[in-house]
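What follows is a single structure, written as structure tokens, with notes after it.
In my numbering, the protein residues as written are 5 to 309.
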């Protein structure tokens, strides 16, 4: 995952190569768009007629026609070299191409965000429009945990293989309404069915969203707010489940943060002594106590020592 707001990248086995399935269709589209750009023209009617179902409906015959037209394995490999996609290995048929999450993010950072690379502003706008037009039934994955009104150009991949179970991949750009975006790709295989794979990649997406959607007061995200709230109010770290549950309820705005904090303050065991200790630290030191100090001092105050 790459966040334009911070310039930070977060990776977990991001160089592991997995068969692309239909995620590759975004790159096939990129090859067609770049060919038109270099010819000094827009897309032809026939190119649009093939790109539309390839991206919107993940239509395989359309993808095969376009893949052949840009040179198949050799043509796509040349594009990989130009875009710096060093971990992608083109194959025939195209769905057996292997790639990494890092390479898919690099493609989108060029094709949609234009952070570098050969695509003109017009070409990027064309690509983004196609990726925003994916059919609702296929807009799962990286959209999980993201407000439905936000723009998310994406392409998913899903295919049952004989060797590795279901391959479930998702790759897209989450655009924040106030500016900035984050690019995320999750590649996976070995699932017994499509539903379990989709559930897994969406779980990852929701975790990413909870930490990157929007700032809540001085906190960079709802998850950061939740983590600090547990430390400040209860004097302990939130469990992962608690953190994600609160972040999920808060979402992308601060409107629910107050009610979530109020709910936490009603936790059994919170008393006047707790509040006095918290106010003392915040007022004198401008910070909450750490968990061990909180427990020790609270016990001393309650014991009258």
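Ideal Cβ positions, reconstructed from N, Cα and C, are used throughout, including at glycine.
For residue i, I'd like the list of residues in its chain whose CB is within less than 8 Å of its CB, leaving aside the five on either flank, ordered along the chain.
i	result
residue 223	229, 232
residue 120	113, 114
residue 150	156, 178, 209, 213, 217, 256
residue 110	87, 88, 89
residue 51	36, 40, 70
residue 196	169, 170
May I have the straight-line CA-CA distance separating residue i from residue j, to the nearest angstrom?
i	j	result
residue 54	residue 269	57 Å
residue 136	residue 101	24 Å
residue 79	residue 34	12 Å
residue 94	residue 165	17 Å
residue 144	residue 237	36 Å
residue 253	residue 7	22 Å
residue 4	residue 92	Outside the displayed span of the chain (5 to 309) sits residue 4, for which this structure offers no information.
residue 68	residue 123	23 Å
residue 105	residue 21	8 Å
residue 205	residue 301	43 Å
residue 37	residue 200	34 Å
residue 132	residue 184	15 Å
residue 96	residue 77	7 Å
residue 99	residue 24	6 Å
residue 251	residue 226	5 Å
residue 126	residue 134	13 Å
residue 73	residue 103	21 Å
residue 140	residue 32	21 Å
residue 182	residue 9	11 Å
residue 245	residue 56	40 Å
residue 18	residue 288	45 Å
residue 260	residue 48	48 Å
residue 215	residue 148	13 Å
residue 128	residue 118	7 Å
residue 64	residue 12	35 Å
If I'm right that residue i touches residue j with Cβ under 8 Å, what's the distance once you round it to whole angstroms?
i	j	result
residue 177	residue 156	7 Å
residue 170	residue 162	7 Å
residue 142	residue 62	6 Å
residue 146	residue 158	6 Å
residue 59	residue 138	6 Å
residue 186	residue 5	6 Å
Here's the rule I'm using: 16 or more other beta-carbon atoms within 10 Å means buried, otherwise exposed. How should residue i be labelled?
i	result
residue 248	buried
residue 306	exposed
residue 271	exposed
residue 160	buried
residue 297	exposed
residue 16	exposed
residue 66	buried
residue 180	buried
residue 43	exposed
Using C-beta distances below 7 Å, list every residue in its chain close to residue i, excluding the 5 sequence neighbours before and after it, in chain order.
i	result
residue 108	27, 175, 189
residue 194	168, 169
residue 46	40
residue 258	220, 221
residue 242	230, 231, 234
residue 3	No statement about residue 3 is possible, as the shown extent of the chain runs from 5 to 309 and does not include it.
residue 198	162, 170, 172
Sorted by chain position, which residues of the same chain lie with C-beta nearer than 6 Å to residue i's C-beta, five sequence neighbours on each side aside?
i	result
residue 30	159
residue 81	94
residue 14	5
If you scan the region 170 to 258 from start to end, which runs of the alpha helix (DSSP H) of 4 or more residues do you find wholly inside it? Listed in chain order, the complete alpha helix (DSSP H) runs (minimum 4 residues) inside the region 170 to 258 are 198 to 216, 226 to 238, 244 to 254.
List in chain order: all unbroken alpha helix (DSSP H) runs of 4+ residues lying wholly within the region 92 to 157. 105 to 115, 125 to 136
Entirely within the region 43 to 87 and at least 3 residues each: give me those beta strand (DSSP E) ranges in chain order. Entirely contained in the region 43 to 87, not one beta strand (DSSP E) run reaches 3 residues.
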